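Quick note: to get the working numbering, add 160 to the position in the sequence shown (first position is 1).
Idealized CB from N, CA, C, for every residue including glycine.
This structure is a prediction, so every number in the text was calculated from the model and none was measured.
Note sheet for the following structure.
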Amino acid sequence: MNRINFKFRNIFMIPTALIKELKVWSLLLLSLSMLLTQSCVSEDELDLPTEVDTTGISESVAIVSVLRAIEHGSLREEGCVQFLYPLKLQFNNNLSITVSDFIGLSEVAINSTIDQHINAIQFPFIATKGGVIKNIENEQEFINLLDECEILTLRDEFDPFFTQCFDLIYPITMLDIDSNQVVIDSQSAYFSFELEQGFDKQPKFSYPIELLDYASNTNISVETPFELFEIFDTCEKCPQLFFRIDTVQVNRFLFVADFEQINDIAYDWYINDDKIETDGGAAQGDNRLIETFASGEYEICIKTSLPEGDCFSGTEYCQIISVDACPFVSYVTEEINSNTFEFIANFEAKDLIDFTWAIYSNDVLIFSELEDSGGDNKLQYQFSAGTYEVCLEAEIEECPQVLRFCTEVLIE
161 MNRINFKFRN IFMIPTALIK ELKVWSLLLL SLSMLLTQSC VSEDELDLPT EVDTTGISES
221 VAIVSVLRAI EHGSLREEGC VQFLYPLKLQ FNNNLSITVS DFIGLSEVAI NSTIDQHINA
281 IQFPFIATKG GVIKNIENEQ EFINLLDECE ILTLRDEFDP FFTQCFDLIY PITMLDIDSN
341 QVVIDSQSAY FSFELEQGFD KQPKFSYPIE LLDYASNTNI SVETPFELFE IFDTCEKCPQ
401 LFFRIDTVQV NRFLFVADFE QINDIAYDWY INDDKIETDG GAAQGDNRLI ETFASGEYEI
461 CIKTSLPEGD CFSGTEYCQI ISVDACPFVS YVTEEINSNT FEFIANFEAK DLIDFTWAIY
521 SNDVLIFSEL EDSGGDNKLQ YQFSAGTYEV CLEAEIEECP QVLRFCTEVL IE
């Protein structure tokens, strides 16, 4: 195993030259004279010890995620994570290098290929987050750091694409949290395993693995996490569906779909797994659903699949609503003077339903007034001497009984 230790006197020149050489030669077989000739550096710029120090170098999917974040522009030198250099890294052919600053790390990220890429880092190393120094001892602490800074990890990138763009070819072998090998023979077994391990943990595959790519209907062999990330970049995941809910009446709701590709695709509305209608731009729909419900709990979903693309198995977005079609109604009474009173509706759904103020004398209706959504939910009435029953009444579609709240008023 060789190690090349760069001091990066000219950081722009040296990493680029090195990476170009990595693509052309197997550096494990190069002589020192060839390296000096091709990389434009002098002997004092190279540190080639007789013994290679591999202490603490471990395979790391987290470092692959860091290099992806740098390449895609989501991690910058002044970003959430800042490393204390030098960092010792290792390529997938066991060649070790030392990177002296962020520019060198960026050069490695930009020039990575499937044949030649970083897949290991030396632990421990020091990083800072928000000015706080962190000593990163192992891969899990590295992953935790990335999560804190919202840098996408393998878990973050794998989950949106799995079952949308591809499936695993079973059986596969995975490592549990204790690094024991577990054979997974089906998709349901995979989900059971991940549920047991915890979906906040990183998926740990024993490579190579095979994927069934839905778009091309072909099997793809994947040798490393780097290759798996490359597949993510070629896969167009399902659209991120969404709808909002507006309450029209106490048991009547308006659902309005709103997502980026809404004008290009068709999707279906479901209520408790029953398909209601097809909507979306491709179906010349209005992206709205309005429904009246009886009391109960309902799951409202929009679902779509794109058989001609990567979103083969489809995706969905759901919300659950609880409906009380027969809400409790009530009012409070305030005395204005000896024979004048004000009645004020005070129940939760008062602005969602139409109701009637009704005044009875000896069971005969002597006054009524409709209170609709534009009303003030109040009634002021001047009484003559006698006994009266003042009621708030409402009839609601899907509610089997009339809603009613009454009190007695005695005027002497």
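- Within 10 angstroms of the beta-carbon of Pro-363 lie 16 or more other beta-carbons, which makes it buried.
- Looking from the CA of Phe-503, the closest CA among Asp-511, Ala-509 and Tyr-491 belongs to Tyr-491.
- Taken in chain order, the whole alpha helix (DSSP H) runs of length 4 or more contained in the segment 497-528 number zero.
- Between Ile-480 and Glu-457, the beta carbon gap of about 6 Å places them in contact (Cβ cut-off 8 Å).
- Between Glu-383 and the set Asn-279, Lys-435, Gly-441 and Asn-295, the nearest pair of CA atoms involves Asn-279.
- Between the segment 258-275 and the segment 216-233, the count of C-beta pairs closer than 8 Å reaches three or more; the two stretches touch.
- Less than 8 Å separates the beta-carbon of Leu-328 from that of Ile-369.
- Beta-bridge partners of Glu-370 (DSSP): Ser-381.
- With respect to the C-alpha of Leu-355, the residue from Asn-295, Asp-319 and Asn-411 having the closest C-alpha is Asp-319.
- Of all C-beta pairs linking the segment 298-313 to the segment 238-246, three or more are shorter than 8 Å, placing the two stretches in contact.
- Judged by their CB atoms, Phe-527 and Val-569 are not nearer to each other than the 8 Å cut-off.
- Sequence-distant Cβ neighbours of Phe-419 in its own chain, meaning closer than 7 Å and more than five residues away, are Pro-399, Gln-400, Leu-401 and Phe-402.
- For Gln-542, no alpha helix (DSSP H) segment is defined; the enclosing uninterrupted segment is the beta strand (DSSP E) at 538-542.
- In this model, Gln-357 and Asn-340 are separated by some 12 Å (Cα to Cα).
- Between the beta-carbon of Asp-514 and that of Ala-554 there is about 7 Å, and that keeps the pair under the 8 Å contact cut.
- If the five residues before and after Ile-223 are omitted, its C-beta is found closer than 8 Å to the C-beta atoms of Leu-249, Ile-278, Asn-279, Ala-280, Ile-281 and Phe-302, all from its own chain and listed in chain order.
- Taking C-beta separations shorter than 8 Å and ignoring five residues to either side along the sequence, the partners of Asp-439 in its chain run Ala-417, Ala-426, Tyr-427, Asp-428, Trp-429, Gly-445, Asp-446, Asn-447, Arg-448, Leu-449 and Ile-462, following chain order.
- Annotation for Tyr-477: no alpha helix (DSSP H) segment contains it, though the beta strand (DSSP E) segment containing it runs 475-483.
- No Cβ-Cβ contact shorter than 8 Å links Glu-317 with Thr-452.
- With fewer than 16 neighbouring CB atoms inside 10 Å of its own CB, Tyr-367 falls in the exposed class.
- If you look at Ile-286, you'll find it in the beta strand (DSSP E) that goes 285-289.
- The straight-line gap separating the alpha-carbon atoms of Thr-258 and Thr-288 is approximately 19 Å.
- Shown here, Arg-228 sits in a helix according to DSSP, grouped into three states.
- Nearest to Asp-536 by alpha-carbon distance, out of Ala-545, Asn-506 and Tyr-350, is Asn-506.
- In this chain, the beta strand (DSSP E) harbouring Tyr-427 covers 427-431.
- Beta bridge pairing from DSSP links Cys-551 with Ala-518 and Cys-566.
- A Cβ-Cβ distance of about 7 Å is found for the pair Phe-243 and Phe-285, placing them in contact under the 8 Å criterion.
- The Cβ-Cβ distance between Ser-455 and Val-483 falls below 8 Å.
- Following the DSSP letters along the chain, one finds Gly-456 inside the beta strand (DSSP E) bounded by residues 456-464.
- With a beta-carbon spacing of about 6 Å, Thr-567 and Thr-493 fall inside the 8 Å limit used to define contacts.
- The beta carbon of Tyr-350 sits closer than 6 Å to those of Ile-344, all from its chain and outside the five residues before and after it, given in chain order.
- With at least 16 other beta carbons inside 10 angstroms of its own, Ser-256 counts as buried.
- For Ile-263, the uninterrupted alpha helix (DSSP H) segment begins and ends at 262-270.
- Annotation: the continuous alpha helix (DSSP H) that includes Asn-304 extends over 299-308.
- Within the DSSP secondary-structure output, Gly-216 pairs in no beta bridge.
- Unbroken alpha helix (DSSP H) stretches of 4 residues or longer found wholly inside the segment 377-422: 385-394, given in chain order.
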